[in-house]
Every structure is written in C-alpha cells, then in structure tokens.
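This report refers to the structure that appears directly beneath it.
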Amino acid sequence: EAAVTQSPRNKVAVTGGKVTLSCNQTNNHNNMYWYRQDTGHGLRLIHYSYGAGSTEKGDIPDGYKASRPSQENFSLILELATPSQTSVYFCASGDGTGRDTQYFGPGTRLLVL
Amino acid sequence: TQTVSQSDAHVTVFEGDSVELRCNYSYGGSIYLSWYIQHHGHGLQFLLKYYSGNPVVQGVNGFEAEFSKSDSSFHLRKASVHWSDSAVYFCAVSADYNQGKLIFGQGTKLSIKP
Chain A
1 EAAVTQSPRN KVAVTGGKVT LSCNQTNNHN NMYWYRQDTG HGLRLIHYSY GAGSTEKGDI
61 PDGYKASRPS QENFSLILEL ATPSQTSVYF CASGDGTGRD TQYFGPGTRL LVL
Chain B
1 TQTVSQSDAH VTVFEGDSVE LRCNYSYGGS IYLSWYIQHH GHGLQFLLKY YSGNPVVQGV
61 NGFEAEFSKS DSSFHLRKAS VHWSDSAVYF CAVSADYNQG KLIFGQGTKL SIKP
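Protein chains in written order, with the numbering used here: chain A, 1 to 113; chain B, 1 to 114.
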C-alpha cells in the first residue's frame, strides 16, 4: 500500500563503484525528488523531476545523476561513488505546487567504503 | 536567500508536558510553511501546513502551529506530549514560484521522558 517505495533499503558500495538507487511512486504525481539527509544539515535536494523524461538539478547535484523513465520511477545514480556520499537518501513525490504535500519513501542507507 | 532555521537541535520534556518547537524563516513572496515528522528509521510524514487565513493551523495527533509574519516564525506546539511523539521534527518552506521544492530546517529531535 505504501505510495512511495525505495530500493535497496541498505547498500554498501566501494569507492569508485557505480550505485543506482531506485524509487517508485503510485501517487500519480508529476514531480519527484531526491534528498540526502546528514546530521546537522536536515534534508538537501539533489535532483528533481517534473515528469517522465525530465530531470533538474537541485541544490547539491554534483556527483549525482538522475533518470525519470516513467511517471512512476525516478532513479538516482552515483557513477563514481565516494565516501562523502555516505548518507541516507530519501525519495519523495508531489504535484509540484507550493501548496502540495510531499510524500516520502522510507529511505536508503548508503555506505561507501 | 531562502533559509529555514530551527534553533533547537534537541528538546527533552516529560510525558504529559507541553512543548514548543521553534522555526524561523527568511523567505520572500507568497510561501507555504509546513511541519514534517520523522520517526527513527522512517521517512518523513506530513503534519500540517499554513498558507493563508487563520494563523493557527491544526494538524494530526494534537499538534498545532502558529504563523507570525512579524516574527517570521512558524512554531509547532502540543499541549500534552505522549511517548510516541518522540521523533525528529522538520520545518519546511515552499512556494509556487519554486515548483513546490521544499527548503528544510535542520530538524529538532524531541525526546520524551517517562
């Protein structure tokens, strides 16, 4: 029943390796977002999307790519993972207006060794 | 520059006490102010939102927040906390002209003593 799901929930990667985090939403929302959460920083926006085929840079896009192949799916890609990308990553969906409520997934905990 | 500030990183109260979690913002134009809650190991869940009208907004589980334009604040309150309210609370700002992107504060961890 969960409207926003993420996979994997936990991931251990090696420095220089490629990591793909996946997100699926059943809310039929146009917008999807990727955030990372680090102690002392709250949540920071990495990439977002207005709909299938679109990706936009957020506030901290360096080192990350995104892909939105369909309305339901939004992936975050780390081509060359670094230890500084160790974090908890959250996906969210929303209709893209200020009054909208965003719905968050359960998060993916990534450790880059 | 759009900023959201939560001055208290950690707040501890006894069960049954009242609590106020503070949020101040710096943002131009028409905005929406929200509070989200994050229980340990979970994603964020929406609590409440203010856009216009009555400055006191009611949310779920007895939470309410009050908007003050003069103080640039949107503080969250609860009259009597329960142990299950232990969580991290995030204040956030969004705007129509910003495609609904949320700008979050750093979060306040609320701990409830029995």
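C-beta: ideal position from N, C-alpha, C; glycine also.
Residue-chain proximity (residue i, chain B), Cβ-Cβ < 7 Å
i, result
"R99 of chain A", "yes"
"G42 of chain A", "yes"
"F74 of chain A", "no"
"G17 of chain A", "no"
"G53 of chain A", "no"
Cross-chain neighbours of residue i in chain B, by beta carbon under 9 Å
i, result
"P106 of chain A", "G41, H42 and G43"
Test item: CB-CB of residue i and residue j under 7 Å
i, j, result
"Y48 of chain A", "G63 of chain A", "no"
"Q25 of chain A", "E72 of chain A", "yes"
"C91 of chain B", "V4 of chain B", "yes"
"Q6 of chain B", "Q106 of chain B", "yes"
"L48 of chain B", "A65 of chain B", "yes"
"G29 of chain B", "A87 of chain B", "no"
"Y50 of chain A", "L43 of chain A", "no"
"G96 of chain A", "N30 of chain A", "yes"
"V60 of chain B", "Y50 of chain B", "no"
"V19 of chain A", "A13 of chain A", "yes"
Beta carbon proximity, residue i to chain A, threshold 7 Å
i, result
"F104 of chain B", "yes"
"A95 of chain B", "yes"
"Y27 of chain B", "no"
"Y89 of chain B", "no"
"Y50 of chain B", "no"
"F46 of chain B", "yes"
Per DSSP, cross-strand counterpart(s) of residue i
i, result
"E66 of chain B", "B:V56 and B:H75"
"I112 of chain B", "B:V13"
"N24 of chain A", "A:T5 and A:N73"
"R36 of chain A", "A:R44 and A:Y89"
7 Å Cβ cut-off: residues of chain B touching residue i
i, result
"Q102 of chain A", "L102"
"L45 of chain A", "K101"
Beta-carbon neighbours of residue i, restricted to chain A and to distances below 7 Å
i, result
"F74 of chain B", "In chain order: nothing, as chain A lies at least about 14 Å away."
"G107 of chain B", "G42"
Chain A residues whose Cβ lies nearer than 8 Å to that of residue i
i, result
"I31 of chain B", "G98"
What runs of the alpha helix (DSSP H), each 4 residues or longer, lie entirely inside the region 75-104 of chain B? Here no run is fully enclosed.
So within the region 51-112 of chain A, which uninterrupted beta strand (DSSP E) runs reach at least 3 residues, ignoring any that extend past its ends? As far as the region 51-112 of chain A is concerned, its whole beta strand (DSSP E) runs of at least 3 residues are 65-67, 73-78, 87-94 and 108-112.
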